[in-house]
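Everything below concerns the one structure shown next.
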Amino acid sequence: MTDDQRETYEYEIADGKVYIQIRQAERKTYTQYNGRSSSPAEEIQGRVWISTDPQFEGDTNLGFVKVRGRKYAIEHVVKRLRDGEGRLSLSEKRLTMHWSTESSYRGGYRNDQGGRVKYEAKAYGVLGEIEREALNRFEADHPDWQLVSARYLFENERDRALSKARSLREEAAKEEHRARQWEARIPAPLAV
């Protein structure tokens, strides 16, 4: 399934709309140490793409939310942290953020001139709250979304493996043809 075919979910928030699309999960592999032994382990985290415009371009001309009368755009990929894992909210002094943003080329939050919103700006915190509200509503509406995200990952890995296998079979067929050509050139053994 291509990105264009994936379903987009819409939420009305803060004088605007927020769009969310399920993305391919992120897979991390590592070695887990248990005293004297070690074993391979993997971690799969669901990911979504969030934006204020349906084209996911982060352009305030295509969609926005209003904060203190100004238009702002949100556009980046976020991944869901594991249960029991969180980020410390400086304002609330507790673990509240269960999402981690992936850096975006132009920054996840943009003002109406297309400039990046600085972390120190008041709008930055409000945009984070808007984003978390949309993500929490999305998660409540679609509790199995992480399975879909993992499925996208597994389908992509399967397709890559099948493509590699097909390529290797084609290469093997070429080499077998080449071997037959060399076989045809081998002279018959001389009679003694």
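Per the numbering used here: the sequence shown = residues 38 to 229.
Cβ atoms here follow ideal geometry from the backbone N, Cα and C, with glycine treated the same way.
Computed from a predicted structure; not experimentally measured.
query: Between the segment 184-197 and the segment 69-80, do at least 3 Cβ pairs fall closer than 8 Å?
result: These segments do not touch.
message: So Ala-160 and Val-104 are supposed to be a Cβ contact under 8 Å. How far apart are they, rounded?
response: Counting from one through the sequence shown, the residue named residue 160 turns up at place 123. Counting from one through the sequence shown, the residue named residue 104 turns up at place 67. Contact between Ala-160 and Val-104 holds, with the beta-carbon distance rounding to 5 Å and staying under 8 Å.
task: Return the chain-ordered list of same chain residues with a C-beta closer than 6 Å to the C-beta of Thr-66, the five sequence neighbours on each side being excluded.
output: Residue mapping note: residue 66 aligns to position 29 of the sequence shown, counting from 1. Excluding positions up to five away in sequence, the list reads Glu-79.
query: Where does Ala-228 fall in DSSP's three states?
result: Walking along the sequence shown from the start, residue 228 turns up at place 191. Three-state DSSP puts Ala-228 in coil, outside helix and strand.
Terminal residues of the alpha helix (DSSP H) in which Gln-58 lies: As a working mapping, residue 58 is identified with position 21 in the sequence shown. In the DSSP assignment, Gln-58 falls outside any alpha helix (DSSP H) and within the unbroken beta strand (DSSP E) covering 54-71.
- prompt: Since Gln-61 contacts Ser-186 with CB under 8 Å, what's their CB separation in whole angstroms?
  reply: The residue labelled residue 61 in the question sits at position 24 within the sequence shown. The residue labelled residue 186 in the question sits at position 149 within the sequence shown. At roughly 7 Å, the Cβ-Cβ gap stays under 8 Å, so Gln-61 and Ser-186 are in contact.
Residue span of the alpha helix (DSSP H) that contains Gln-183, given as start and end: Indexing the sequence shown from 1 puts residue 183 at position 146. 182-222 is the extent of the alpha helix (DSSP H) around Gln-183.
Spatially closest choice to Gly-152 from Ile-167, Arg-107, Arg-169, Glu-168, by CA coordinates: Indexing the sequence shown from 1 puts residue 152 at position 115. Looking at the Cα atoms, Arg-107 is the closest of the given residues.
- prompt: Quick one, are the C-beta atoms of Ile-87 and Leu-164 less than 8 Å apart?
  reply: In the sequence shown, counting from the first residue as 1, residue 87 sits at position 50. In the sequence shown, counting from the first residue as 1, residue 164 sits at position 127. Going by beta carbons, Ile-87 and Leu-164 fall outside the 8 Å limit.
field: Classification of Arg-147 by the beta-carbon crowding that lies within 10 angstroms, buried from 16 upward
entry: Position 110 of the sequence shown, counted from the first residue, corresponds to residue 147. By the neighbour-count rule (16 or more Cβ atoms within 10 Å), Arg-147 is buried.
message: Please report the straight-line C-alpha distance between Glu-47 and Arg-206, rounded to a whole angstrom.
response: On the sequence shown, position 10 is the one that residue 47 refers to. On the sequence shown, position 169 is the one that residue 206 refers to. The C-alpha of Glu-47 lies about 44 Å from the C-alpha of Arg-206.
- request: May I ask which residues mark the beginning and end of the alpha helix (DSSP H) holding Ile-167?
  value: Along the sequence shown, read from residue 1 onward, the residue named residue 167 stands at position 130. 159-178 is the extent of the alpha helix (DSSP H) around Ile-167.
query: Opposite Pro-91 in the DSSP bridges: which residues?
result: The residue you call residue 91 lines up with position 54 of the sequence shown. Answer is none; Pro-91 lacks a bridge partner.
- prompt: When you compare only the Cα positions, how much space is there between Arg-225 and Gln-218?
  reply: Along the sequence shown, one-based indexing puts residue 225 at 188. Along the sequence shown, one-based indexing puts residue 218 at 181. Here residue 225 turns out to be Ala, not Arg, going by the sequence shown. Each residue's Cα considered, the two are about 15 Å apart.
task: Apply the 10 Å Cβ neighbour rule to Gln-183 and answer buried if 16 or more other Cβ atoms are within range, or exposed otherwise.
output: The count along the sequence shown starts at 1 and reaches residue 183 at position 146. By the neighbour-count criterion, in which a residue is buried when 16 or more other Cβ atoms sit within 10 angstroms of its Cβ, Gln-183 is buried.
According to DSSP, residues forming a beta bridge with Tyr-146: The sequence position of residue 146 within the sequence shown is 109, counting from 1. Its beta-bridge partners are Ile-111.
- request: Work out the CA separation of His-135 and Gly-100 for me, nearest whole Å.
  value: Taking the sequence shown and counting its residues from 1, the one referred to as residue 100 is at position 63. Taking the sequence shown and counting its residues from 1, the one referred to as residue 135 is at position 98. Here the C-alpha atom of Gly-100 lies approximately 25 Å from the C-alpha atom of His-135.
query: Identify the residues that DSSP records as bridge partners of Ala-78: which are they?
result: Reading the sequence shown from its first residue, position 41 is the one you call residue 78. Note: Ala-78 sits in a beta bridge opposite Tyr-67.
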